[in-house]
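Protein chains in written order, with this note's numbering: chain A, 67 to 351; chain B, 67 to 351. All C-beta atoms, glycine included, are put in the ideal place defined by N, C-alpha and C. None of these values were measured; they are calculated from a predicted model.
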């Protein structure tokens with residue numbers, strides 16, 4: 067008999083309908099129950115306290131880069147990455163049902179979202195941009211107040227959750243705006259309910275390590291992978307504040323962590339690195 | 067006779083008093099004239115159109131990562147990096163002169179800034195957070211409207227520019243919040259007025275390159291530097307969207323681009339990389 071995991075909460079940062087919720091649905095299905103949290107740290111604490119059974123966090127964006135804060139939490143807490151997914155950030159203009167586009171005078175959203183739709187506002191100078199705390203939160207506020215000359219800019223999931231009607235889809239300037247998300251579990255949950263993957267799935271392993279003084283050091287560290295023909299899909303250095311000449315590296319390679327080749331590469335890297343932590347092994351998204 | 071550059075505008079993204087203006091002052095002195103621009107692209111266009119004589123752009127932040135958008139602009143436009151600097155992001159609570167801290171009921175700022183001061187708001191539950199388009203812009207608005215029970219959260223430079231009084235300094239949760247900025251010039255300006263550096267200055271060279279399929283490729287590319295004992299201070303991969311298995315790399319190394327060693331390393335890298343562009347050579351900040 068296959069064990070079926072209990073239905074439980076999935077934590078993410080932001081309001082209901084945030085892009086993290088879209089990622090959570092993509093990873094776990096639309097029927098999940100969610101636990102929105104004010105900040106990333108709260109997401110990790112909710113897993114630690116057993117309030118949530120999983121967490122979905124953004125880790126990098128194609129325009130804005132890696133979310134170092136979440137790499138910091140991944141190192142501090144011990145929650146393995148068990149899956150990844152990429153979500154295209156699509157901004158939609160939405161209003162309460164019955165409000166036509168022609169009546170819209172103001173559009174509410176997070177300033178980052180508003181700034182990613184500047185071409186739309188140039189084409190529609192009659193619509194004023196108004197900043198709000200959160201993209202999804204602006205849709206919620208609009209519906210609660212029943213504003214009939216205002217719109218919100220948010221995800222399609224937010225429109226669905228709050229019952230808003232989408233008036234214009236995909237109004238963002240740049241369509242190459244993707245965010246990569248990780249699904250985290252507690253170590254116990256990950257052991258008890260290993261994630262199923264298609265038999266032909268490629269696997270990725272993510273790790274962080276630090277070295278002192280880069281010149282030859284990084285080159286030697288990468289030899290652990292190059293000499294074993296392991297493909298890297300990410301390498302990024304980050305200076306360690308207050309420790310000149312010491313660097314932290316984020317590295318992803320294609321391979322299952324439990325294969326002899328991967329184990330040998332990691333063993334080799336451990337000889338060369340000061341600190342090394344495997345963050346997880348998961349099917350490529 | 068030493069040539070003295072003409073006094074001219076320095077462009078940056080944001081309102082007067084943005085952290086980019088703080089960086090510009092750090093790089094060029096407090097007496098500069100500035101050209102605030104709505105978006106990063108406008109900053110580059112203002113240099114291209116000759117409206118500005120220099121530009122200051124953020125390139126990476128210790129919590130939020132590299133600003134890929136500005137790396138994209140650096141590749142598309144041809145403006146050499148001639149200097150770098152690091153600015154600590156300090157958030158200050160400010161109000162019109164005469165307004166005491168005890169009277170503050172609301173604090174305006176950009177949501178990213180508000181989110182970086184959550185401990186402050188937990189300690190002061192009587193102060194409501196209100197989102198605004200821009201950190202410096204919230205200080206400007208406060209002063210223009212003469213609000214006497216409201217504060218703004220912005221840089222010390224914004225307080226100075228708009229005449230606000232700082233009531234609480236450095237209210238950010240995490241003090242390890244630094245942003246690295248580049249100073250860009252037109253190629254003509256950079257040739258005509260080479261930047262002076264102290265005789266013992268270390269130099270950095272920044273470049274971007276792309277490779278197909280990483281496994282051995284990146285390792286071989288890094289050998290161009292490792293075999294010549296050139297220190298890397300940054301290496302970051304970025305997948306090229308729509309081109310699976312092709313990656314773009316950001317690389318900084320310590321050394322002057324015009325030395326034989328650096329020229330040999332770059333020549334060697336050029337043999338291995340598909341595309342290579344040197345973005346600039348500048349004294350270490």
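- Counting pairs of beta carbons, one from the region 153–166 of chain A and one from the region 141–160 of chain B, are three or more of them closer than 8 angstroms? no
- Message: Counting only beta-carbon separations shorter than 8 angstroms, does residue 226 (chain A) have a partner in chain B?
- Response: no
- Report the three-state DSSP secondary structure of residue 236 (chain B) (helix, strand or coil). coil
- Item | Residue burial classification, residue 342 (chain B) (beta-carbon count within 10 angstroms, cutoff 16) | buried
- Message: When you compare the CB positions of residue 222 (chain B) and residue 156 (chain B), do they come within less than 8 angstroms of one another, or not?
- Response: yes
- Would residue 105 (chain A) count as contacting chain B if we go by Cβ distances under 8 angstroms? yes
- Buried/exposed call for residue 126 (chain B), threshold 16 Cβ in 10 Å: buried
- Query: Hey, out of B:179, B:208, B:105, B:292, whose CA is closest to residue 241 (chain B)'s CA?
  - Reply: B:179
- Query: Can you name the residues that DSSP bridges to residue 160 (chain B)?
  - Reply: B:218, B:232
- Does DSSP classify residue 67 (chain B) as helix, strand or coil? Bear in mind that a pLDDT of 45 at residue 67 (chain B), under 50, signals an unreliable position, so the number given afterwards is only what the model happens to contain. Coil at residue 67 (chain B), not helix or strand.
- Measure the alpha-carbon distance for residue 63 (chain A) versus residue 253 (chain A) and round it to whole angstroms. Look at the range of chain A in this structure, 67 to 351, and you will see that residue 63 (chain A) is not part of it.
- Message: Do residue 315 (chain B) and residue 303 (chain B) count as a contact pair if the criterion is CB distance below 8 angstroms?
- Response: yes
- Message: Once the 5 residues before and after residue 331 (chain B) are set aside, which same chain residues still bring their CB inside 7 angstroms of it?
- Response: 290, 291, 294, 296
- May I ask you to report which of helix, strand or coil DSSP gives residue 155 (chain A)? coil
- Spatially closest choice to residue 263 (chain B) from B:351, B:340, B:100, B:333, by CA coordinates: B:351
- Determine the extent of the beta strand (DSSP E) in which residue 120 (chain B) is found, giving its start and end residues. 120–127
- Taking only the alpha-carbon atoms, compute the straight-line gap between residue 131 (chain B) and residue 243 (chain B) and give it to the nearest angstrom. 11 angstroms
- Task: Tell me, please, whether the region 165–175 of chain A touches the region 167–179 of chain B by the rule of three or more beta-carbon pairs shorter than 8 angstroms.
- Result: no
- Between the region 326–340 of chain A and the region 263–275 of chain A, do three or more beta carbon pairs fall short of 8 angstroms? yes
- Message: Within 10 Å of its beta-carbon, does residue 104 (chain A) have 16 or more other beta-carbons around it, so buried, or fewer, so exposed?
- Response: exposed
- Item | Chain-order list of residues whose beta-carbon lies under 6 angstroms from that of residue 67 (chain A) (same chain, five-residue window excluded) | Low confidence applies here, because residue 67 (chain A) scores a pLDDT of 45, under 50, leaving its location unreliable and the question unanswered by this model.
- Message: Looking at chain B, is there any beta carbon in it that lies within less than 8 angstroms of the beta carbon of residue 140 (chain A)?
- Response: no
- Query: residue 130 (chain B) touches chain A at which residues, Cβ-Cβ below 8 angstroms?
  - Reply: 130, 131, 133, 134, 135
- Item | Proximal residues of chain B, C-beta to C-beta of residue 282 (chain A) below 7 angstroms | 292
- Item | 8 angstroms Cβ cutoff met for residue 202 (chain A) and residue 91 (chain A) | no
- Task: Would you mind reading off the limits of the alpha helix (DSSP H) that contains residue 335 (chain A)?
- Result: 326–338
- Item | Interfacial residues, the region 167–185 of chain A to chain B, with Cβ spacing under 9 angstroms | 176, 177, 178, 180, 181, 184
- Bridge partners - residue 194 (chain B), DSSP secondary structure assignment: B:172
- Query: Counting along the chain, where does the alpha helix (DSSP H) carrying residue 201 (chain B) start and finish?
  - Reply: 201–211
- Positions along the region 193–205 of chain A whose CB lies within less than 8 angstroms of some CB in chain D: Included in the structure are the protein chains A and B, with no chain D among them.
- Would you report the Cα separation of residue 137 (chain B) and residue 74 (chain A), rounded to the nearest angstrom? 41 angstroms
- Message: Check whether chain A comes within 8 angstroms of residue 112 (chain B), counting only Cβ atoms and requiring the distance to be less than that.
- Response: no
- Rounded to whole angstroms, what's the CA-CA distance from residue 89 (chain B) to residue 233 (chain B)? Just pull it up for me. 23 angstroms
- Item | Unbroken alpha helix (DSSP H) run spanning residue 178 (chain B), endpoints | 177–181
- Query: What three-state label does DSSP hand residue 131 (chain B) in the structure shown?
  - Reply: strand
- Message: Could you check whether the Cβ of residue 300 (chain A) sits closer than 8 angstroms to any Cβ belonging to chain B?
- Response: yes
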